[in-house]
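Quick note: the sequence shown uses the working numbering, first residue 208, plus one each step. The structure under discussion appears below in the form of structure tokens.
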Amino acid sequence: MKLYLIRHGQTMANKTYTYCGVTDMLLTGEGIDQLKAKKKAGGYPDTEGLDVITSGLTRTEQTLSILFGNVPHRADRAFSEMDFGEFEGYSYDQLKDREDYQAWINGDHMANRCPGGESGNMMKERVLAGLKKVLDGGRDTLIVCHGGVIAMVFEYYFPNTGLNWYEIQPSNGEGFLFQFENGKAVSWERIPRKI
Numbered sequence: 208m209k210l211y212l213i214r215h216g217q218t219m220a221n222k223t224y225t226y227c228g229v230t231d232m233l234l235t236g237e238g239i240d241q242l243k244a245k246k247k248a249g250g251y252p253d254t255e256g257l258d259v260i261t262s263g264l265t266r267t268e269q270t271l272s273i274l275f276g277n278v279p280h281r282a283d284r285a286f287s288e289m290d291f292g293e294f295e296g297y298s299y300d301q302l303k304d305r306e307d308y309q310a311w312i313n314g315d316h317m318a319n320r321c322p323g324g325e326s327g328n329m330m331k332e333r334v335l336a337g338l339k340k341v342l343d344g345g346r347d348t349l350i351v352c353h354g355g356v357i358a359m360v361f362e363y364y365f366p367n368t369g370l371n372w373y374e375i376q377p378s379n380g381e382g383f384l385f386q387f388e389n390g391k392a393v394s395w396e397r398i399p400r401k402i
């Protein structure tokens with residue numbers, strides 16, 4: 208089974224380095240142009256025969272439309288970015304003096320929950336539960352989702368690559384193809400493929 212995970216295009220939060228998890232945000236004009244250029248360069252999969260899913264947030268819907276056109280798909284919030292709660296919409300510089308932020312970012316952010324939001328473990332549980340349904344379905348699948356989701360999945364299935372979080376979190380409009388055999392992840396490659 209093939210699983211394609213592609214990160215949405217650039218949003219203003221990506222440009223300004225602000226936390227944007229569940230906040231619904233449009234792509235920037237620059238982000239739209241970047242996606243169009245990547246599509247023109249090629250290397251994305253053909254969606255024919257694929258089960259196609261987005262997180263349902265506007266940035267993933269726009270990305271799907273730009274890269275693949277008007278294809279039948281469904282939305283599944285299991286593949287939404289982490290809910291940063293009270294930290295949503297703020298940058299590190301805006302939050303760095305908050306005690307609760309320092310406790311979260313310098314502590315065990317997998318276990319520690321953002322005030323009013325999720326912990327890394329909560330997000331991981333949600334994403335893996337959604338992914339289990341996809342894998343149980345057995346169909347080759349394309350999911351347009353978020354950088355944190357993709358990095359979480361990569362780290363879960365390929366924990367010993369030596370790559371850090373920032374190396375496995377793809378750029379906007381990029382992602383990975385994971386190959387599964389009998390429910391086990393056996394290989395990965397970056398997409399779009401260089402052609």
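The beta-carbon is built from N, C-alpha and C at its ideal position, and this holds for glycine as well. All values reported here derive from a predicted model rather than from experimental measurement.
Q. Leaving out five residues before and five after E288 in sequence, what residues of the same chain have Cβ atoms less than 6 Å from its Cβ?
A. Along the sequence shown, read from residue 1 onward, the residue named residue 288 stands at position 81. Here the set comprises G228, H353, G355.
Q.
I need the DSSP call for S378, collapsed to helix, strand or coil.
A. Within the sequence shown, residue 378 is the residue found at index 171, counting from 1. S378: coil per DSSP, three-state reduction.
Q. Who are the near neighbours of G324 in its chain, counting only those whose CB is closer than 6 Å to its CB and skipping five residues on each side?
A. For the purposes of this step, residue 324 is taken as the residue at position 117 of the sequence shown. Only D290, F291, G292 meet the Cβ criterion.
Q.
Check for me: the alpha helix (DSSP H) holding R266 runs from which residue to which?
A. If you number the sequence shown from 1, residue 266 lands on position 59. In this chain, the alpha helix (DSSP H) harbouring R266 covers 265 to 275.
Q) Hey, how far is the Cα of Y373 from the Cα of G327? A) On the sequence shown, residue 373 is found 166 positions in, with the first residue counted as 1. On the sequence shown, residue 327 is found 120 positions in, with the first residue counted as 1. Rounded to whole angstroms, Y373 to G327 spans 16 Å at the Cα level.
Q: Inspect the beta-carbon positions of G382 and L264 and report whether they are closer than 8 Å.
A: As a position in the sequence shown, residue 382 is number 175, starting the count at 1. As a position in the sequence shown, residue 264 is number 57, starting the count at 1. Contact: no.
Q | Outcome for T368 when other beta-carbon atoms lying within 10 angstroms are tallied against a minimum of 16 | A | Locating residue 368 in the sequence shown gives position 161, where the first residue counts as 1. When all chains shown are included, T368 counts as exposed.
Q) Around the C-beta of V393, are 16 or more other C-beta atoms found within 10 angstroms, so that it is buried, or is it exposed? A) Against the sequence shown, residue 393 aligns to sequence position 186. Exposed, since its Cβ has fewer than 16 Cβ neighbours within 10 Å.
Q) DSSP beta-bridge partners for E396? A) For the purposes of this step, residue 396 is identified with residue 189 of the sequence shown, where counting begins at 1. Partner residues in the beta bridge of E396, as assigned by DSSP, are L384.
Q: Label S262 either buried or exposed according to how many other C-beta atoms from any shown protein chain fall within 10 Å of its C-beta, with 16 as the threshold for buried.
A: Taking the sequence shown and counting its residues from 1, the one referred to as residue 262 is at position 55. Answer is buried; the Cβ neighbour count reaches 16.
Q | Counted within 10 angstroms of its Cβ, other Cβ atoms place V334 as buried (16 or more) or exposed | A | Along the sequence shown, one-based indexing puts residue 334 at 127. The residue in question, V334, is buried, as its Cβ has 16 or more Cβ neighbours within 10 Å.
Q: For A244, write down the residues that DSSP places opposite it in a beta bridge.
A: Counting from 1 along the sequence shown, the entry for residue 244 is found at position 37. BP columns for A244 are empty, so no partner.
Q. Taking the beta strand (DSSP E) that V356 falls in, what are its first and last residues?
A. Numbered from 1 along the sequence shown, position 149 holds the residue referred to as residue 356. The continuous stretches of beta strand (DSSP E) do not include V356, which lies in the alpha helix (DSSP H) extending over residues 354 to 364.
Q | C154 to W311 span [Cα, whole Å] | A | Given that the chain is displayed from residue 208 to residue 402, the structure contains no residue 154 and the question cannot be resolved.
Q: Flag this pair as yes or no: are the beta carbons of L257 and T348 separated by less than 8 Å?
A: As a position in the sequence shown, residue 257 is number 50, starting the count at 1. As a position in the sequence shown, residue 348 is number 141, starting the count at 1. Yes, the Cβ-Cβ distance between L257 and T348 is below 8 Å.
Q) Unbroken beta strand (DSSP E) runs of length 3 or more, entirely within the segment 327 to 353: which are they? A) If we require 3 residues or more, the beta strand (DSSP E) runs fully inside the segment 327 to 353 come out as 348 to 352.
Q) Between the beta-carbon of L342 and the beta-carbon of F387, is there less than 8 Å? A) Position 135 of the sequence shown holds residue 342. Position 180 of the sequence shown holds residue 387. Contact flag set, yes.
Q.
For M317, count the other beta carbons within 10 Å of its own beta carbon; 16 or more makes it buried, fewer makes it exposed. Which is it?
A. Along the sequence shown, one-based indexing puts residue 317 at 110. By the neighbour-count rule (16 or more Cβ atoms within 10 Å), M317 is not buried but exposed.
(Q) Suppose you measure from the CA of Q309 to the CA of R214; what does that come to, to the nearest Å? (A) To locate residue 309, count along the sequence shown from 1; it is residue 102. To locate residue 214, count along the sequence shown from 1; it is residue 7. If I take the Cα positions, the gap works out to 28 Å.
Q: Using alpha carbons as the reference points, say which of P252, G296, L274 lies closest to N221.
A: Counting from 1 along the sequence shown, the entry for residue 221 is found at position 14. Out of P252, G296, L274, the CA that lies nearest to the CA of N221 is found in G296.
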